[in-house]
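> The sequence shown stops at residue 409 when you use the numbering used here, and every number in between is there. I'd like to ask you about the structure that follows.
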Amino acid sequence: MKKKVLFLCTGNSARSQLAEGIMRHYRSDEFEVFSAGTEPKGLHPKTIEVLYEIGIDASCQRSKHIDELPTKDFDYIITLCSSAAQNCPVFFGKGVKMHHGFDDPAAATGSDLDILESFRAVRDQIKTCILGFKA
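Structural data, given as structure tokens:
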């Protein structure tokens, strides 16, 4: 039986979406994957772009509020906010709560290439984390 994993971020536009796409792509035989946020901002176009670069089609993913989740019972609830300055969402459902902090690439500034590089860096960090995740 697959374990249920929920990735949470405030905006559900980048980090949690990257995690959802990567875990679904590489570990779907083990996990049923969800992502959500407390203030959904819409799926960031660069999230789709950097996932596509590594062979993951995230075009069907969408940003959603935690109230839209089909269940409140998960095996793992993982927040992905990077610092105390950010408000990581609180989720009162059942499950082991974990935290892995990553910078928010959606908040990156600079040239288009600078922003794209921020998304790539966070994507690669999340991928490493997910491939090493032990349930």
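Here a beta-carbon is modelled for each residue, glycine too, at the ideal position from N, C-alpha and C. Model, not experiment: these values are computed from the prediction.
1) Is the Cβ-Cβ distance between Cys-229 and Gly-311 less than 8 angstroms?
2) Please name the residue in Ile-351, Met-297 and Ala-395 whose C-alpha comes closest to that of Lys-371.
3) Thinking C-alpha only, which one of Leu-343, Asp-377, Ser-385 and Ser-356 is nearest Gly-367?
4) Select from Phe-376, Gly-375 and Ser-392 the residue whose C-alpha is nearest the C-alpha of Thr-383.
5) Along the chain, where does the beta strand (DSSP E) containing Asp-347 start, and where does it finish?
6) Taking Ile-400 as the reference, which of Lys-277, Asp-347 and Arg-298 has the closest Cα?
7) According to DSSP, simplified to helix, strand and coil, what is Phe-407?
8) Beta-carbon separation of Phe-348 and Val-396 under 8 angstroms?
9) Starting from the N-terminal side, write out each stretch of the beta strand (DSSP E) that is 3 residues or longer and does not extend beyond the region 277 to 332.
10) What residue range is occupied by the uninterrupted beta strand (DSSP E) comprising Gly-369?
11) Buried or exposed: where does Glu-327 fall if 16 or more other Cβ atoms within 10 Å of its Cβ makes it buried?
Short version:
1) Past the edges of the chain, shown from 275 to 409, lies residue 229, and the structure says nothing about it.
2) Ile-351
3) Leu-343
4) Ser-392
5) 347 to 353
6) Arg-298
7) coil
8) no
9) 277 to 282 and 305 to 310
10) 368 to 373
11) exposed
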